[in-house]
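Heads up: the structure comes next, in structure tokens.
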Amino acid sequence: DAGVIQSPRHEVTEMGQEVTLRCKPISGHDYLFWYRQTMMRGLELLIYFNNNVPIDDSGMPEDRFSAKMPNASFSTLKIQPSEPRDSAVYFCASSLGLGFPSWYTFGSGTRLTVV
Amino acid sequence: GESVGLHLPTLSVQEGDNSIINCAYSNSASDYFIWYKQESGKGPQFIIDIRSNMDKRQGQRVTVLLNKTVKHLSLQIAATQPGDSAVYFCAEIESGGGADGLTFGKGTHLIIQP
Numbered sequence: 054d055a056g057v058i059q060s061p062r063h064e065v066t067e068m069g070q071e072v073t074l075r076c077k078p079i080s081g082h083d084y085l086f087w088y089r090q091t092m093m094r095g096l097e098l099l100i101y102f103n104n105n106v107p108i109d110d111s112g113m114p115e116d117r118f119s120a121k122m123p124n125a126s127f128s129t130l131k132i133q134p135s136e137p138r139d140s141a142v143y144f145c146a147s148s149l150g151l152g153f154p155s156w157y158t159f160g161s162g163t164r165l166t167v168v
Numbered sequence: 047g048e049s050v051g052l053h054l055p056t057l058s059v060q061e062g063d064n065s066i067i068n069c070a071y072s073n074s075a076s077d078y079f080i081w082y083k084q085e086s087g088k089g090p091q092f093i094i095d096i097r098s099n100m101d102k103r104q105g106q107r108v109t110v111l112l113n114k115t116v117k118h119l120s121l122q123i124a125a126t127q128p129g130d131s132a133v134y135f136c137a138e139i140e141s142g143g144g145a146d147g148l149t150f151g152k153g154t155h156l157i158i159q160p
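These protein sequence lines map, in sequence, to chains A and B. According to the working numbering, the first sequence holds residues 54 to 168 in order. According to the working numbering, the second sequence holds residues 47 to 160 in order.
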């Protein structure tokens, strides 16, 4: 298995532009998570899905952020319009379930820089 | 809200020595406590976890200790190697219907000196 696949690995964009991050979870994993990592705040859960349905989006910073999971093998995290404070590494993770830590697998992340 | 945090941001040890990374947590309802390793340019990688009803668990060169009395978690790495250089995160999870998913601490950067 190739693991959780994220694209792009790096994204540099200008303030005000739309940014779309992509994730392909591990086949058979029912849960998909989006995390954001910054030096100041560490790893924060933004949103997670169960069977393609968003369950908890309380971590999404504001309305500029949106996430979708149109099918079991693909999810997107969109920022529109982007701002410099959105610069961070965004991780996608998938899991067979919520309760067992060893089931969680993280992708390699997308490093977003908004200038 | 409740949080998981780390005592030291950076730990430097000599190659071959043992390392101990510490973590404080505050959510008494957590069912599992976990250690992750994150190498540069990669996502967090699961190392070892411990259930809340245990106080010690051993893996290959790693041992996790849980002290629920003082809400303290530690990761011991024996005979550290250059490949152990990374940022280590503690995390917790409440699997019984409380907080969703993993909650992470801020990380400790482990540096292995040759």
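Built from N, CA and C at the ideal position, the CB exists for glycine as well.
Query: Completely contained alpha helix (DSSP H) runs for the segment 58 to 133 of chain A, where each covers 4 or more residues; Result: none
Query: Three-pair Cβ contact test at 8 Å for the segment 139 to 147 of chain A versus the segment 62 to 74 of chain B; Result: no
Query: Alpha-carbon spacing of M113(A) relative to K131(A), whole angstroms; Result: 11 Å
Query: Contact with chain B by Y143(A), beta-carbon distance below 8 Å; Result: no
Query: Where S155(A) sits in the DSSP three-state scheme; Result: helix
Query: Within chain B, partners of L98(A) - CB distance below 8 Å; Result: D146, G147, L148 and T149
Query: Cα-Cα separation, I157(B) to T129(A); Result: 35 Å
Query: Burial state of E67(A) (16 or more Cβ within 10 Å); Result: exposed
Query: DSSP beta-bridge partners of K114(B); Result: Partner(s): none; K114(B) has no beta bridge.
Query: Selected residue, minimal CA-CA separation from D116(A), among S126(A), I100(A), V106(A) and N124(A); Result: I100(A)
Query: Neighbourhood of L148(B) by C-beta, 6 Å cutoff - its chain only, sequence neighbours within 5 removed; Result: A137 and I139
Query: D130(B), DSSP secondary structure in three states; Result: helix
Query: Contacts of D130(B) in chain A (Cβ-Cβ under 7 Å); Result: Simply none; closest approach about 19 Å.
Query: Three-state secondary structure assigned by DSSP to D139(A); Result: helix
Query: Meets three-Cβ-pair contact criterion under 8 Å: the segment 150 to 162 of chain A and the segment 82 to 98 of chain A; Result: yes
Query: Residues near V168(A) by beta carbon distance below 8 Å, same chain, minus five either side; Result: V65, T66, E67, M68 and P137
Query: Cβ of P55(B) within 8 Å of any chain A Cβ; Result: no
Query: Minimum C-alpha distance to S225(A) - residue among C76(A), F118(A), V72(A) and L98(A); Result: Residue 225(A) is absent from the model: chain A starts at 54 and stops at 168.
Query: Cβ-Cβ separation, N113(B) to D101(B) (assumed contact under 8 Å), whole Å; Result: 7 Å
Query: DSSP three-state assignment for L165(A), whether helix, strand or coil; Result: strand
Query: Simplified DSSP assignment, three categories, for R103(B); Result: strand
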